[in-house]
Structures are given as structure tokens and as C-alpha cells.
Amino acid sequence: MMVKEEKGAGGGNDIQWCFSQVKGAIDDDVAEADIISTVEFNHSGELLATGDKGGRVVIFQQEQENKIQSHSRGEYNVYSTFQSHEPEFDYLKSLEIEEKINKIRWLPQKNAAQFLLSTNDKTIKLWKISERDKRPEGYNLKEEDGRYRDPTTVTTLRVPVFRPMDLMVEASPRRIFANAHTYHINSISINSDYETYLSADDLRINLWHLEITDRSFNIVDIKPANMEELTEVITAAEFHPNSCNTFVYSSSKGTIRLCDMRASALCDRHSKLFEEPEDPSNRSFFSEIISSISDVKFSHSGRYMMTRDYLSVKIWDLNMENRPVETYQVHEYLRSKLCSLYENDCIFDKFECCWNGSDSVVMTGSYNNFFRMFDRNTKRDITLEASRENNKPRTVLKPRKVCASGKRKKDEISVDSLDFNKKILHTAWHPKENIIAVATTNNLYIFQDKVN
Amino acid sequence: MSQKQEEENPAEETGEEKQDTQEKGILPERAEEAKLKAKYPSLGQKPGGSDFLMKRLQKGQKYFDSGDYNMAKAKMKNKQLPSAGPDKNLVTGDHIPTPQDLPQRKSSLVTSKLAG
């Protein structure tokens, strides 16, 4: 499903990715608040949510397909936007709490309203997004502007009726889940029972019920008795898509632990430990840092999970703990740049990864606004760029190539020319279609496959 | 462990046969390590250990001691506490941070540009 490297391709099952839309400001001067920090499609793919460093959430809705204009799928337009989190200061601990939205997770739709969880470092909130397209008019005792009528003028009974009005989309916070995390929340994940969810910080994972805000159960605690003995932290956690008793969490040391909540109340002892053995002679100062897992995602099928570390993406079969079944190099050419990447802190960048709807292709971001896709079946991969240069709708994106050393071919870009400030950390894939959302620092790009 | 790619040009970023990766993997990483140690000789032996993780856990820590602040306020009575001046992060000597010194974090009143 990849674009062949040769020109004039398009036969067979290869996908040709086309620019569809870009959201956000054009100017290069990026305000901190506008930095996109999370991107997530809902379960149907009709809604696309983004969170930013300023604590704001913007939700886009796909317009219904126009059957006549079948050459493209519906566009995503702004549906709702609201301030989810505000900056806070914890005076007791002298801790500044950022309003940056770390993660958004959608609940499956149960009624007319939509629900999502959004979290910053300390507090998780359940938001209800509902539509209002009619309003009552003709109250008996009130004027249209709300003032009460003079009772002596009311001589007949008038029953209000609902009349259509312009669509209004309202977001309201329904639950606030606070004060359960001493450290910084990095993940939230909704259980397949759709009643509970987990939240993970650097050292602990808590289990919540969506209806209950004053209580949460601690299910993982890796805080050592003596903090001097601290050697690893939790970097991501996720519930299994089908087994409501199973979840995984990844660590800064490159391990993934699978836990079964039926085994005990406190899941400090893992059921499975996924770790790829490392040749000790290969070890360097950077080994542990680049092995730190920045994201873990189950496949839709639930049979596999994917992890992202600094240089690669690994696919693990849940039945095999001792090594991944597939490994894809994202930007191996950076291995000879680790010194400067450590100095400019880029080595600590946390890239996310995602699966397509059929689990056949995985995607992750890189630098220079490049992003990569790996087809697990054909074993082909492609590098594309999110740039305003290709912003004519239905323009097929041209594959990019980085030249690691020596003679640079035409159209290739050398490693030293890469812009390390242009990072694609967050990407999302529509659950059913070949539509992807790619976030650069402050812009959101939407790409689709070419529809003939 | 690495997938063999159907590339005419065995570019590094797409992965190679296991042996090649290991050979190429050792040298650049160790060379980079040597570069780093040359620049920063005092860099600790255990990079992934406590120091680095502690820094991560302490993200967001600012220094405002309400005890000091209230004591100082009581002592000064009606006088104003000396404020931090231009450099708000400076906390040295007799200076006691006041709530005014802490960078006020106001939430964005502006709508996100993604919605614009």
C-alpha cells in the first residue's frame, strides 16, 4: 500500500497520499500556546480532536460526503473549540502545573452527545460535547428576551413550542478527576468496558470509574522506597482493546510490562515482560536514553502492540516476550548525530505512533516535518513531508529521501540540512479510511489517499 | 531483528541486514559518545540513572516558600517586600519570592488558530 519510488506509479494496491487540508497560522512566529500536543480521531472517524499547549481543545467534524462530488471525501471543519485546562500553581508543593493537554481520548458514542477525556499533567476531565439545533419559543410568562411579563397582561395560556435555530455546539465539563497524581500524567486509556479508564504518571497508574471522581484505585506503583534507587519511569500505558482485564505500560528502559488485573489488586508484578535483549558490547552512554519508549499502542485486533523508541518502531506479538516480531528504522541516520541531539535535547523528544484501521500499515513522525509509514505486508516504507508547498488539494505527495552520507542525489536532503525544530510528534489515522492527521509544531495537516 | 528492505539503495534509515546494522551501529554511537565525553568530561557514568530521572520528575518546580513569605511579610509589617526586579527567576540572598514574582500564568483568552 505504498507509493512506489518510481514515477508514474499507481498500479495495484499502492496508496497515493494527497494533500487535503491544513489548519493553523501560516506565520513562522509560533506562540507557545499554539503548539499542538495531541491529535485523536473518534471511533467513527467523523470527529478529529486536537489539544495544544495553551490548554485548548479544537474539534473538527468531517462534512458528510457529497455523493455527486465523489472525487474526494468530506473535509474537516471546526465543530467546537473550548478551553479545557487552565494553568495552576500548587503553592504547597511549589509546583507550576502546565495547562498543556497531554492526551485526548474519545469515548464511544452512546447517545446524541459526544464525550472525550482530556488531561494535563495533573487533572483529567470528562467533556460532553452536545448539539443544540432548536429552542423553545413562546413562553407563557416570559418575553422572548427573558424578562417576565406583567402578570396582569397574561390573559390566555400559551404553550411554548420548539423552533429550529442555528446549530450550536456546546462543550461542558461533566467530571473532573483531580488530585490523584503526584507526578506528571503521560497517558490515559479507556477500558473496553467503557466504564473505567486508567491514567498513568511517571511512577504510578490509577484506575478510575467514569462516574466517580472522588476515588481512584492505584494499580501500579513503581516508586522505590528510597528515591535514590530510582532507575526507570513509566512512559506510556494502554488498556487492551478487547480484554478488559489487560493493560500494558512501557518504561524509560525500553521494556513493556503486560498486567492482568484479575491476578491481584496491585499489578506491580507483571504477567509478561517484553524486552529485546541487548548486546552488552554495543552499549554506550546513549543506549538507555534512545531505548526509552515514548509510545505504546495496541493493534486494533489486540494481537500485537507497537512501541516507539527514539530511532525505531517495533511490533510485538503478545505471545512472544523475548523480542519484537518486526522492527522498522525511522531515522537510523541520526545514530551518528546523537552527541548534538543530546546537547539540544532532541534526543528526549517523544514521538508517537499509530496503526491504520486494518493494522497493515504503521505511521510515525520524524524531523524536518517528515513522517514515515511502514507497510507490514509489502515491507515497503515511505517518507513524506507535511509542508505548505504541496498544498493544492489532491496533489499527490512526493516521497522524500534523506541522504545519510556522501554524495547527495538530486531531491535528497542531507542529514545536516534537517530542521530539528520541525518535529512531527503526533499523528493519527482514521479508524476506517485512509485519512491521516499529521501535526507539525502549530499546524494540522490532513492527507487522504487519492480517490479516482 | 531489522527488516530487509527492497531498496536499490541500502540507505541507513530503512534498516539493513542484522550484521550490517550491528557493525554500523557500534561505531557511530561510540564515536558520538566519545565526542560528548570530550566536551563534558564530568558527565556521569550512569546517564539513565537517578539524576536524569529526578530532573524529569521535578519538572515544573518553582520556588515559592509560603512560610518564608509570610514571615517576611510579618516582619516588614507595612513595608513592601523587595520584588524580584527584571529577572524573575533570581532567588538569591535576602530576596524572598512573592506571589507577584511568580510568572503569572494566565490561560489563553485567544481562540486557537486552528479554529480560525
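Chains A and B supply the protein sequences, listed in that same order. In terms of full-length UniProt numbering, the first sequence has 185 at position 185, counting the first letter as 1, and numbering is strictly consecutive. In terms of full-length UniProt numbering, the second sequence has 92 at position 92, counting the first letter as 1, and numbering is strictly consecutive. Beta carbons: idealized from backbone N, C-alpha and C, even for Gly. Everything numeric in this text was worked out from a predicted model, so none of it was measured.
Please report the distance separating the alpha-carbon of residue 433 of chain A from that of residue 447 of chain A.
11 Å
Euclidean distance between Cα positions of residue 193 of chain A and residue 302 of chain A: 15 Å
Worksheet entry | residue 343 of chain A - containing alpha helix (DSSP H), residue span | 338 to 343
Chain-ordered residues of the segment 175 to 189 of chain A with a beta carbon less than 7 Å from chain B = 183, 184
| Should residue 282 of chain A be counted as a contact of the ligand SAH given a C-beta to heavy atom distance under 7 Å? | Questions concerning the ligand SAH fall outside what the structure shown contains, since it holds no ligand whatsoever.
### Any chain A beta carbon closer than 8 Å to residue 42 of chain B
no
- prompt: Is the Cβ of residue 60 of chain B closer than 8 Å to any Cβ of chain A?
  reply: yes
* Quick one: which chain A residues come within Cβ less than 8 Å of residue 35 of chain B? -> 339, listed in chain order.
What is the residue span of the beta strand (DSSP E) that residue 413 of chain A lies within? 412 to 414
Classification of residue 76 of chain B by the beta-carbon crowding that lies within 10 angstroms, buried from 16 upward = exposed
Enumerate in chain order the residues of its own chain whose CB-to-CB distance from residue 46 of chain A is below 7 Å, with the five nearest sequence positions on each side excluded. 61, 62
- prompt: Is it right to say residue 145 of chain A is buried, meaning 16 or more other beta carbons lie within 10 angstroms of its own, or is it exposed?
  reply: exposed
Selection from A:232, A:219, A:236, A:299 that minimises the alpha carbon distance to residue 262 of chain A: A:219
### Query
So, is residue 202 of chain A buried or exposed, given that buried needs 16 or more other C-beta atoms within 10 angstroms?
Buried, since its Cβ has 16 or more Cβ neighbours within 10 Å.
task: Return the Cβ separation of residue 296 of chain A and residue 200 of chain A in integer angstroms, given the expectation that the two are a contact with Cβ distance under 8 Å.
output: The Cβ separation is near 10 Å, so there is no contact.
**Asked** Along chain B, in chain order, which residues have C-beta atoms closer than 8 Å to that of residue 225 of chain A?
**Response** Neighbours of residue 225 of chain A on chain B: none; closest Cβ ~14 Å, over 8 Å.
Exercise for review: Please determine if the segment 203 to 216 of chain A and the segment 175 to 182 of chain A are in contact, where contact requires at least 3 C-beta pairs separated by less than 8 Å.
Suggested key: yes
Using 8 Å as the threshold, is the C-beta distance between residue 294 of chain A and residue 379 of chain A below it? no
Whole-angstrom Cβ separation of residue 96 of chain A and residue 120 of chain A, contact assumed at under 8 Å? Not confirmed; about 12 Å, so no contact.
**Asked** What did DSSP end up calling residue 168 of chain A once you bin it into helix, strand or coil?
**Response** Correct three-state label for residue 168 of chain A: strand.
**Prompt:** Measuring CB to CB, does residue 118 of chain A end up less than 8 Å from residue 170 of chain A?
**Reply:** no
| request: Spatial neighbours of residue 77 of chain A within its chain, please: CB distance less than 7 Å, with the 5 preceding and 5 following residues excluded, ordered by chain position. | output: 60, 61, 63
Query - Whole beta strand (DSSP E) elements within the segment 106 to 134 of chain A, 3-residue minimum - result: 114 to 119
On the three-state DSSP scale, how would you describe residue 405 of chain A?
coil
Fill in: Through-space distance from residue 440 of chain A to residue 39 of chain A, alpha-carbon basis
If you take the alpha carbons of residue 39 of chain A and residue 440 of chain A, they lie about 11 Å apart.
Quick one: residues in its chain with C-beta nearer than 6 Å to the C-beta of residue 388 of chain A, no 5 flanking neighbours on either side, listed in chain order? none
**Prompt:** Just curious, the beta strand (DSSP E) that residue 310 of chain A is in, first and last residue?
**Reply:** From DSSP, residue 310 of chain A is part of no beta strand (DSSP E); its letter is neither H nor E.
Exercise. Do residue 394 of chain A and residue 450 of chain A have their C-beta atoms within less than 8 Å of each other?
Worked result: yes
Could you please tell me which residues of the segment 318 to 343 of chain A, in chain order, have their CB closer than 9 Å to any CB of chain B? 323, 324, 326, 327, 328, 329, 330, 331, 332, 333, 334, 335, 336, 337, 338, 339, 340, 341, 342, 343
Does any CB atom of chain B fall closer than 8 Å to the CB of residue 25 of chain A? At least one chain B Cβ lies under 8 Å of residue 25 of chain A.
Can you tell me the Cα-Cα spacing of residue 73 of chain A and residue 216 of chain A, whole angstroms? 42 Å
I'd like to know if the segment 279 to 288 of chain A and the segment 355 to 367 of chain A are in contact, where contact means that at least 3 CB-CB pairs between them fall below 8 Å. no
Legend entry - In DSSP terms, what residue 382 of chain A is bridged to: A:373
request  = Check distances from the C-beta atoms of the segment 44 to 67 of chain A to those of chain B and list, in chain order, the residues that come in under 7 Å.
outcome  = Under the 7 Å Cβ criterion, the segment 44 to 67 of chain A contributes 50, 52, 54, 55, 56, 58.
Identified DSSP bridge partners for residue 285 of chain A: Partner(s): none; residue 285 of chain A has no beta bridge.
Could you tell me whether any Cβ in chain A is nearer than 8 Å to the Cβ of residue 73 of chain B? no
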